[in-house]
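The structure under discussion appears below in the form of structure tokens.
Number of protein chains: 4
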Amino acid sequence: MQVKKENKKEKIIKEAVKLFTKYGFEDVSVSSIAGEARIGKGTIYTYFKTKDDILEGCTKYVFNTFTSDIEKAADTNMEIAGFLDTLLDLFFVDMPSRSRILFLFHRKYYGTKRKDAKLTGRYKEMFRKVYERYKEEIKCPFEQMYLFLTGFMMTSYMIQANIDEEILKESVKEALKTLIVKT
Amino acid sequence: MQVKKENKKEKIIKEAVKLFTKYGFEDVSVSSIAGEARIGKGTIYTYFKTKDDILEGCTKYVFNTFTSDIEKAADTNMEIAGFLDTLLDLFFVDMPSRSRILFLFHRKYYGTKRKDAKLTGRYKEMFRKVYERYKEEIKCPFEQMYLFLTGFMMTSYMIQANIDEEILKESVKEALKTLIVKT
Amino acid sequence: MQVKKENKKEKIIKEAVKLFTKYGFEDVSVSSIAGEARIGKGTIYTYFKTKDDILEGCTKYVFNTFTSDIEKAADTNMEIAGFLDTLLDLFFVDMPSRSRILFLFHRKYYGTKRKDAKLTGRYKEMFRKVYERYKEEIKCPFEQMYLFLTGFMMTSYMIQANIDEEILKESVKEALKTLIVKT
Amino acid sequence: MQVKKENKKEKIIKEAVKLFTKYGFEDVSVSSIAGEARIGKGTIYTYFKTKDDILEGCTKYVFNTFTSDIEKAADTNMEIAGFLDTLLDLFFVDMPSRSRILFLFHRKYYGTKRKDAKLTGRYKEMFRKVYERYKEEIKCPFEQMYLFLTGFMMTSYMIQANIDEEILKESVKEALKTLIVKT
DNA sequence: CATGAATGAGTATTCATTCAT
DNA sequence: TATGAATGAATACTCATTCAT
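Chains as they are written, first to last, in this note's numbering: chain A, 559 to 741; chain B, 559 to 741; chain C, 559 to 741; chain D, 559 to 741.
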């Protein structure tokens, strides 16, 4: 029973992510999410308190994928250059969709630090571990590395429409290495 | 009673920029814009066809300020390093507000290249002039310079809540110089 | 909470007919229909797509009453004279209201033959059956009979304000017999 | 100066008649009437108190054409049969347009006898003169003749979409002779 | 007299949320 | 737990009318 519940909640989030990505927050109705998830409209409210709560769920979900990306990249690379290559490759999978969710969330909770911390906590923490691990090879302080990585990742989404994805990814990889890795 | 036309349109845009920046697009009613601009609700529609049209007006306005920033920075600097310093200083004035408008517009017209070109045309063109002017000192191709500048500028907005503005600005300046200027 | 569907739709139509009859189409708000039907404004839209759709529903309803009037009159009369008497008696019940709806609909869809056919189809068909049945006694072609009957019925509505209803009805009965029945 | 004024008022009415005929009352804006009449929006209000007042002007105008039709038909015919032929021919000129105006007016002032009398007064009076003139040949009372003539004329408009105009006109002529003329 | 910029009252429609079943 | 019928708050936009010029 508990399992079933989790499955349903996850199903809702996955469909919501798809729809929010495609149409934005306001242009997606709770009904349509329910429709895509093949459940009744009212059922949504068994799992989420409000529509905003669904977006929060989506954001949490996205940050978890990011966090696991970082973990994977760190697990498979001994040196920071390889780590960055792997990380960017992972980040660019579903990048448009994931970035979109972050934008929506950011816009909604602009200034609300509490929510922000709750969601980005684990993500930032994971970055800190990585920083510690590759410390020797990094030439900038933690805050800057965090800024550069997060910034480029988010920006990529907005820029991508006007530039070939592969070129974009390589430019970003190169830029990050220039900014972060000791020479 | 027909003289002030341009003044009034500008007034509307300025108040709309303020409100959109603060509350986003959907959470600002046309009435409230009219209220802030101290004119009647109907008057808005003398100057703008729809609410979307107001956002477009705001975006055009913001791009014009960016374009004039670039122009100013180029006018007062013989070398690219100085140009970047001045440009970033100018970009960071009202940056949160201006970036916010661009986000809103971007989200609304995501994928609509036509609108995009109409508004970014002059902006990109101005960058191209700058690129030609400092060509000797720049180590990356135009597209990358454009990506790095626009990207960092927009990202700064999203990051700023979590970082001291002065540090952010200096980090960005430094990063850009590293990425763009020949050594 | 999902049983009463048909009842509720019918209730809405009945109240809409009353209001449209009294105030016309544009001067009746959807809210007021909801108010009279003692349901929420939004509920209207569970049963009708648009306000125009409500008018269409009313028209369909009215044509059904006309059709059933014709049926009744034919069922209870062996001869055309009696048929016309009965039919006119039935037509004059609620005649102002019913005619009014037809006017509104006619004005709205003036020229739109498709809608017209959809609604008048069964009505005209019923007239054709009647024509066949009383054929021997009728001296004019079908189209004329249809014109005279429909025409007088609708006209009666516009004229009635200036003339005693009983005299009007008798005049119409007499005129129709003169025009339609073989002597 | 007085002449100019009358010309302008007439111009407004003529354009309003065209527009009301085509689009109905609510779907014609005062602006569009002004536009068609090639004058400023505000100028309309020099000649008419309200939009309703324009419709009243149109109705008066239409009734005047009807009245003059009756006059013409009576002037050129010694016998009622010829009178009816001529009258119907004249009525059918611009019949759709003129009937439409009457419908609009009727709907607007349904029940308001005062307005009605003011506008139909001369028209009815003219009919009375005609009745007196052809009295010997007429078999029905005045009220019935008035009902039959006005009724058929108005109805023709609603029926016309579904029937050939020439057939319609001939049917009506014949019907009226049957109902009105002594044999 | 003529104008059209300014105004705000008025309304159809959407949709998050509730709750009886 | 699951549902979807019912609800009403909220909002963009239109247009008759006014009035300063």
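Glycine residues also receive a C-beta, built at the ideal position from the N, C-alpha and C atoms.
- Shortest Cα-Cα distance from B/ILE738 to any of B/ASP643, B/LYS682, B/LYS666, B/MET684 involves B/ASP643.
- With contacts defined by Cβ atoms closer than 8 Å, A/TYR715 and A/THR625 do not form a contacting pair.
- Interface annotation for the region 613-627 of chain A against chain B: empty, criterion Cβ-Cβ distance under 9 Å.
- Taken through DSSP and simplified to helix, strand or coil, B/VAL588 comes out as helix.
- DSSP places C/THR608 in no alpha helix (DSSP H); its state is neither H nor E.
- The region 589-599 of chain C makes no contact with the region 719-730 of chain B: fewer than 3 CB pairs, one atom from each, lie closer than 8 Å.
- In this structure, the beta-carbon distance from B/THR713 to A/GLY709 falls below 8 Å.
- In this structure, C/SER657 sits away from D/LEU705, with a CB-CB distance that is not shorter than 8 Å.
- Residue nearest to D/GLN702 within the set C/LYS687, C/ALA733, C/LYS676, C/ARG686 is C/ALA733 (criterion: CA-CA distance).
- Rounded to the nearest whole angstrom, the CA to CA distance from A/LYS687 to A/ILE571 is 28 Å.
- By the C-beta criterion, the region 645-663 of chain C is judged not to be in contact with the region 605-612 of chain C, since fewer than 3 inter-stretch pairs fall below 8 Å.
- Against chain A, the CB of B/ALA733 has a partner CB under 8 Å away; the residue lies at that interface.
- Taking the CA atoms as reference points, D/PHE641 sits about 39 Å from C/ASN635.
- In the DSSP assignment, C/PHE649 falls within the unbroken alpha helix (DSSP H) covering 638-650.
- In this structure, the straight-line span from the alpha carbon of A/THR617 to that of A/THR678 is close to 9 Å.
- The shortest CA-to-CA distance from B/PHE663 to any of B/GLU584, B/GLU573, B/ALA595 is the one to B/GLU584.
- Between the alpha carbons of B/LEU660 and B/TYR667 lies a distance of about 10 Å.
- Considering only B/TYR581, B/ASP633, B/ALA574, the residue with the shortest C-alpha distance to B/ARG596 is B/ALA574.
- Rounded to whole angstroms, the Cβ separation of C/TYR605 and C/LYS567 is 5 Å, and the two are in contact under 8 Å.
- Taking 8 Å as the cut-off, the Cβ atoms of B/ARG665 and A/GLY582 count as close.
- Against C/THR713, the close residues of chain D are GLY709, MET712, THR713, in the order they occur along the chain (beta-carbon pairs closer than 7 Å).
- A Cβ-Cβ contact shorter than 8 Å links A/ASP627 with A/PHE649.
- For B/ILE721, the closest Cβ of chain A is nearer than 8 Å.
- With a cutoff of 8 Å on beta-carbon distance, A/MET711 and A/GLU629 are scored as not near each other.
- If you compare the alpha carbons of B/LYS576, B/ASP647, B/ILE602, B/ALA675 with that of B/ASN565, the shortest gap goes to B/ILE602.
- A distance below 7 Å between beta-carbons, with the five flanking residues on each side excluded, links C/LYS676 to no residue of its chain.
- As for any alpha helix (DSSP H) of minimum length 4 sitting wholly inside the region 675-731 of chain D, the runs are 700-717, ordered along the chain.
- Under the 10 Å beta carbon count, D/THR741 is surrounded by fewer than 16 other beta carbons and is classified as exposed.
- Chain-order list of chain A residues neighbouring B/THR736: ALA733, THR736, LEU737, by C-beta distance under 9 Å.
- For C/SER729, the neighbours in chain D by C-beta distance under 7 Å run, in chain order, GLN702, LEU705.
- Per DSSP, B/ILE659 is one residue of the alpha helix (DSSP H) stretching across 653-666.
- When beta bridges are read from the DSSP output, B/VAL739 appears opposite B/ILE696.
- Within the region 574-594 of chain C, those residues whose Cβ lies closer than 7 Å to any Cβ of chain D are, in chain order, GLY582, GLU584.
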